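Q: No gaps in the numbering here: position 13 of the sequence shown is 850 in our numbering, and each next residue is one more.
Every residue, glycine too, gets a C-beta built ideally from N, C-alpha and C.
As the structure is a prediction and not an experimental result, all values here were calculated from the model.
Supplied in structure tokens, the structure appears directly below.
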Amino acid sequence: MNFTEFLNFSHGNAKLKKRLIFSIPAGKTCPGALYCKSFAVIQPDGKRKIQDGKDTKFRCFAASSEVQYDAVYNLRATNMELLMQSVINASMADLIDASIQHHRRKNERLVRIHESGDMFSLGYLLAWIEVAKRNPDMIFYCFSKSLDLFLGLELPSNFYLTASKGGKFDYLIDEGHFPRYSVVVKTEEEAAALGLEIDHDDSHCLGDKPFALLVHGTQPKGSDWGKAIHARRKAGKFTGYSTKTAVSK
Ligand code: SF4
838 MNFTEFLNFS
848 HGNAKLKKRL
858 IFSIPAGKTC
868 PGALYCKSFA
878 VIQPDGKRKI
888 QDGKDTKFRC
898 FAASSEVQYD
908 AVYNLRATNM
918 ELLMQSVINA
928 SMADLIDASI
938 QHHRRKNERL
948 VRIHESGDMF
958 SLGYLLAWIE
968 VAKRNPDMIF
978 YCFSKSLDLF
988 LGLELPSNFY
998 LTASKGGKFD
1008 YLIDEGHFPR
1018 YSVVVKTEEE
1028 AAALGLEIDH
1038 DDSHCLGDKP
1048 FALLVHGTQP
1058 KGSDWGKAIH
1068 ARRKAGKFTG
1078 YSTKTAVSK
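Okay, structure coming up:
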């Protein structure tokens, strides 16, 4: 199948080097999200605002970015539209694969699935698994809270899932189904108390143990999470790492 329009991928930055990064709208595509759930909504005057879920404790950084930046919002919305169209016209796997081949640079072997968004359906997850199988020279990795979809699936050896705590299916992590998982913490001290290393560059996503992520982003006013960020910033400890990874995944 020849595609006239490809999905948008970005290329790695200073912290996440040499990789393709894919995103879809935050919150709206995250059926398993709970404590992080936030999304951008368009108001009657056309402006966007952030909306938190009823259980939100720490706000999704990716959703805040969609409120702040037109380009970010539009790019992720376009990706979602193209994925939906592909179900009718071709297949999601074909579109994703063709888009990767279109964007891929010589030195890029890694694909981060979702700086923003999550596995919104089994069909979508299976499409990514199929793409990983078609590209055995590449490594695909994702954080996910859609853990019910992964249960019982055999992932190819070049597909790395990190189960993300803070969602509806945390109990599956607690039951031991996902040995590599991530936990969002307020401080380095909290991570140390849990016996977890803090990840700053996604390297732990390819490891074999759980890890912690420091909360970032714009948090609900007066929340403990916001206060923790403020305290870290005041103490000069803020790393400035600002992808979704650092927020909840
Ligand atoms: S942090 Fe991740 S799972 Fe949670 S709402 Fe944002 S994109 Fe979805």
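Give me whichever residues DSSP pairs with F996 in a beta bridge.
A: Start at 1 with the first residue of the sequence shown, and residue 996 comes out as number 159. According to DSSP, F996 bridges with F977.
Q: K940 to R946, Cα distance in whole Å?
A: As a first step, residue 940 must be located in the sequence shown, where it is residue number 103. As a first step, residue 946 must be located in the sequence shown, where it is residue number 109. In the sequence on display, residue 940 carries His and not Lys. H940 and R946 have their C-alpha atoms spaced approximately 12 Å apart.
Q: Taking C-alpha atoms, which residue in R1070, K1058, H1067, V1052 lies nearest to F898?
A: If you number the sequence shown from 1, residue 898 lands on position 61. It is V1052 whose Cα lies nearest to the Cα of F898.
Q: What residues in its chain sit with their C-beta under 7 Å from that of I1066, if we drop five residues either side in the sequence?
A: One-based indexing of the sequence shown puts residue 1066 at position 229. Counting only Cβ-Cβ distances below 7 Å, and skipping sequence neighbours, we find V1052, H1053, Q1056.
Q: Nearest by alpha-carbon distance to C867: which of I937, H951, A908, S902 is it?
A: Residue 867 sits at position 30 when you count from the first residue of the sequence shown. Of the candidates I937, H951, A908, S902, the one whose C-alpha sits nearest the C-alpha of C867 is H951.
Q: Closest to Y997 by C-alpha separation, out of E1012, G1013, R1017, K982, would be which residue?
A: Taking the first residue of the sequence shown as position 1, residue 997 is located at position 160. Ranking E1012, G1013, R1017, K982 by Cα distance to Y997 puts R1017 first.
Q: Expressed to the nearest angstrom, what Euclidean distance is found between the alpha-carbon atoms of W1062 and K1023?
A: Here the question's residue 1062 lines up with position 225 in the sequence shown. Here the question's residue 1023 lines up with position 186 in the sequence shown. Those two C-alpha atoms are separated by around 6 Å.
Q: Spatial neighbours of S923 within its chain, please: C-beta separation below 6 Å, excluding the five flanking residues on both sides.
A: On the sequence shown, position 86 is the one that residue 923 refers to. The answer, listed in chain order, is M929, L932.
Q: Hey, quick one: how far does the beta strand (DSSP E) through A1051 stretch, first residue to last?
A: On the sequence shown, position 214 is the one that residue 1051 refers to. Looking at the sequence itself, residue 1051 is Leu, so the reference to Ala does not match. Note, L1051: beta strand (DSSP E), 1048-1051.
Q: To which residues of the same chain is A1000 closer than 6 Å at the C-beta, ignoring the five residues directly before and after it?
A: As a first step, residue 1000 must be located in the sequence shown, where it is residue number 163. L984, I1010, F1015, Y1018, listed in sequence order.
Q: If you draw a straight line from the alpha carbon of R1119 to that of L857, how long is it in whole angstroms?
A: Here the chain comprises residues numbered 838 to 1086, so residue 1119 is not present and cannot be evaluated.
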